[in-house]
Amino acid sequence: MLLPLSAIILGFAVVIWSADRFIAGAAGLARNLGISPMVIGLTIVGFGTSAPEMLIAGFSAFEGSPGMAIGNAIGSNITNIALILGVTALAAPLTVHSQTLRRELPLLILITVLVLALLLDGDLSLFDGILLMGSLFVVMGWIIYTAMAARDHGDPMEAEFEAEVPVLPMGKAIFWLLVGLALLLASSRLAVWGAVE
Numbered sequence: 000m001l002l003p004l005s006a007i008i009l010g011f012a013v014v015i016w017s018a019d020r021f022i023a024g025a026a027g028l029a030r031n032l033g034i035s036p037m038v039i040g041l042t043i044v045g046f047g048t049s050a051p052e053m054l055i056a057g058f059s060a061f062e063g064s065p066g067m068a069i070g071n072a073i074g075s076n077i078t079n080i081a082l083i084l085g086v087t088a089l090a091a092p093l094t095v096h097s098q099t100l101r102r103e104l105p106l107l108i109l110i111t112v113l114v115l116a117l118l119l120d121g122d123l124s125l126f127d128g129i130l131l132m133g134s135l136f137v138v139m140g141w142i143i144y145t146a147m148a149a150r151d152h153g154d155p156m157e158a159e160f161e162a163e164v165p166v167l168p169m170g171k172a173i174f175w176l177l178v179g180l181a182l183l184l185a186s187s188r189l190a191v192w193g194a195v196e
């Protein structure tokens with residue numbers, strides 16, 4: 000019991016740290032390649048912050064624990080919205096001026112409803128997975144297109160992304176990208192092993 004519990008704690012601790020390093024490396028590399036900070040924020044940083052959940056869900060499914068994978072995905076979504084936004088709003092009122100966010104909120108609701116509809120039969124099939132992945136690529140493509148168009152109209156999110164994307168030398172960005180990815184894979188596997196055991 001002690002060993003699996005230690006694996007869970009250590010796994011999650013390393014997952015959090017390595018995800019941060021992976022995002023910094025990927026975002027820094029993209030910036031060095033001349034990619035817009037807003038596009039980096041909407042894609043690389045967005046996917047990077049979800050990397051722990053994706054890896055843990057993937058390893059859980061391969062370990063024969065699909066319930067853990069689904070619970071992880073839905074639970075992290077609830078936590079991100081209710082807990083993070085709730086705590087932030089308690090600290091200071093939130094005012095959203097960005098058209099980018101106003102366009103994304105209906106998409107969030109739409110995707111959530113789609114997932115609930117697909118889960119009504121108690122099964123996520125291969126077709127369901129293809130449908131969800133296809134929806135992801137369509138939504139991301141649309142978000143990138145509208146974000147790039149919004150740059151010409153002074154979307155306030157552009158300045159936020161500009162400040163958040165790290166400036167790293169190319170070598171250091173690649174180093175943290177690879178180290179972060181390797182540790183993400185190892186720590187996610189460790190956390191899932193501890194949870195399953």
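Per numbering that gives the first Met the number 0, numbering of the sequence shown is gapless, rising by one per residue and ending at 196.
Quick reminder that beta carbons are idealized off the backbone N, C-alpha and C, glycines included.
Own chain partners of residue i with C-beta closer than 8 Å, once the 5 adjacent residues on each side are dropped
i           : result
residue 93  : 84, 87
residue 5   : 193
residue 117 : 123, 127, 130, 131
residue 174 : 24
residue 119 : none
Whole-Å CB distance - residue i paired with residue j, under 8 Å assumed
i           : j           : result
residue 10  : residue 186 : 5 Å
residue 71  : residue 56  : 5 Å
residue 39  : residue 26  : 5 Å
residue 190 : residue 69  : Between residue 69 and residue 190 the Cβ distance is about 17 Å, and since that is not below 8 Å, they are no contact.
residue 52  : residue 75  : 5 Å
residue 110 : residue 134 : 6 Å
Proximal residues to residue i (C-beta, below 7 Å), its chain only, five neighbours per side dropped
i           : result
residue 50  : 18, 21, 183
residue 195 : 62, 64
residue 188 : 58
DSSP-derived helix/strand/coil call for residue i
i           : result
residue 0   : coil
residue 94  : coil
residue 17  : helix
residue 164 : coil
Chain D within 8 Å of residue i, Cβ atoms only
i          : result
residue 47 : The structure shown contains no chain D; it is built from a single protein chain.
Sequence-distant residues of the same chain with beta carbon closer than 6 Å to residue i, five excluded per side
i           : result
residue 43  : 25, 26, 29
residue 169 : 31
residue 59  : 67, 68, 191
residue 167 : 27
residue 79  : none
Point to revise | Touch test, the stretch 133-141 against the stretch 176-191, Cβ-Cβ under 8 Å, three pairs minimum | key: no
Point to revise | Segments of 3+ residues assigned as beta strand (DSSP E) that fall wholly inside the stretch 32-72 | key: none
Review point. In chain order, which continuous runs of the alpha helix (DSSP H) of length 4 or greater are located wholly inside the stretch 78-136?
Key: 84-90, 98-118
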